[in-house]
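Every number in this note's numbering is 99 more than the matching position in the sequence shown, counting from 1. Heads up, the beta-carbon is just placed ideally off N, CA and C, and yes, glycines get one too. Fair warning: this is a prediction, and the values are worked out from it, not measured in the lab. Below: one structure, written as structure tokens.
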Amino acid sequence: MAEQQKQSKYAGVSKARAQRAANYFRSGGHLLLRIGKVEEGEDKNKIGLVAANGSVVFAYEDHDEVANKVGEEVSEVIKRSNVAFEGRLKALAMAVGNLTEADFDVQEYDGEIFDELMDQDVQPAAGVILEVRAVKVKKQSANNKTDDQLISSDFYTRVDFIRRVGFTEARGIMLAGGVDESDVERLIPGIAAEIVAEAAE
């Protein structure tokens with residue numbers, strides 16, 4: 100009897116075009132985000148979602164003062180009802196795992212990477228540092244409006260997952276940006292040990 104191939108509820112996401120965008124950040128942000136946990140859940144309407152919860156550990160010079168502040172806890176919420184769900188989830192996985200498209204071609208089964216990302220016991224994303232940018236974007240429904248007619252609801256915040264940042268680099272960026280060594284250690288607990296482990300890889 101042939102062995103049944105393992106199935107994942109994330110089958111299909113591997114083939115999606117990664118869309119590095121999502122909502123729920125305040126626009127104008129260019130920051131380093133330390134992931135605390137990636138988990139599944141539902142909103143109040145029982146719509147499935149994936150949430151990447153973390154904290155802002157650094158704001159770049161071009162970071163808008165009205166955007167998320169250093170030390171602030173934030174959640175990146177990706178809803179299954181969104182047409183870009185698969186692409187956004189893939190972009191998150193690519194950033195967290197420092198992956199390329201080729202990595203999705205060598206999965207043991209379609210969706211394996213995402214099952215591992217959501218593993219609540221292992222939590223491979225926990226502690227990972229990501230560079231992200233939150234951009235104010237005009238909705239298509241407002242394209243025919245003049246600037247004088249535009250209101251706040253005509254815009255949404257797009258979050259771009261830029262890349263994974265190593266601990267050594269993150270420390271260097273923060274120190275160069277004027278963050279005290281003690282604050283680096285406070286914002287990224289265990290960073291000294293992470294740098295040692297990173298150097299040994």
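**Report entry** Any beta strand (DSSP E) of 3 or more consecutive residues that is wholly inside the stretch 219–248
**Finding:** Runs of the beta strand (DSSP E) spanning 3 or more residues and lying entirely within the stretch 219–248 occur at 228–237, in chain order.
Query - Closest residue to residue 162 among 127, 137, 176 (Cα-Cα distance) - result: When each option's Cα is compared against that of residue 162, the closest is 127.
Query - Reduced DSSP secondary structure (H/G/I, E/B, other) of residue 95 - result: The structure shown does not extend to residue 95, since the chain is modelled only from 100 to 300, so the question has no answer here.
Requested in this report: Determine the direct distance from the alpha carbon of residue 218 to that of residue 131, and round the result to whole angstroms.
Outcome: Their backbone Cα atoms lie some 23 Å apart in a straight line.
Query - Backbone CA spacing between residue 196 and residue 261 [nearest angstrom] - result: Taking the straight line joining both Cα atoms gives about 12 Å.
Query raised in the report: What residues in its chain sit with their C-beta under 7 Å from that of residue 225, if we drop five residues either side in the sequence?
Result: For residue 225, where only same-chain residues beyond five positions count, the Cβ hits under 7 Å are 134, 135, 136.
Report task. Take residue 249 as the anchor and find which of 258, 257, 159, 238 has the nearest alpha-carbon. Result -> Closest by C-alpha distance to residue 249, out of 258, 257, 159, 238, is 238.
Report task. Quick one: residues in its chain with C-beta nearer than 7 Å to the C-beta of residue 179, no 5 flanking neighbours on either side, listed in chain order? Result -> 146, 147, 148.
Report task. Mark residue 251 as exposed unless 16 or more other C-beta atoms lie within 10 angstroms of its C-beta, in which case mark it buried. Result -> Exposed, by the Cβ-count rule.
**Report entry** Cβ shell of residue 297 (< 8 Å), same chain only, five flanking positions each side left out
**Finding:** Taken in chain order, the residues that qualify are 265, 266, 267.
Query raised in the report: Thinking C-alpha only, which one of 291, 241, 254, 222 is nearest residue 153?
Result: Per the Cα distances, 222.
Query - Cβ neighbours of residue 168 in the same chain (closer than 7 Å, five flanking residues each side left out) - result: In the same chain as residue 168, and ignoring 5 residues on each side of it, the C-beta atoms closer than 7 Å to its own belong to 155, in chain order.
Query raised in the report: Whose CA, out of 279, 274, 233, lies closest to the CA of residue 259?
Result: It is 233.
Query - Cβ neighbour criterion (16 or more within 10 Å) applied to residue 139 - result: Flag for residue 139 reads exposed.
Query raised in the report: How about residue 107 and residue 200: do their beta carbons lie closer than 8 Å?
Result: With contacts defined as CB atoms closer than 8 Å, residue 107 and residue 200 fail to qualify as a contacting pair.
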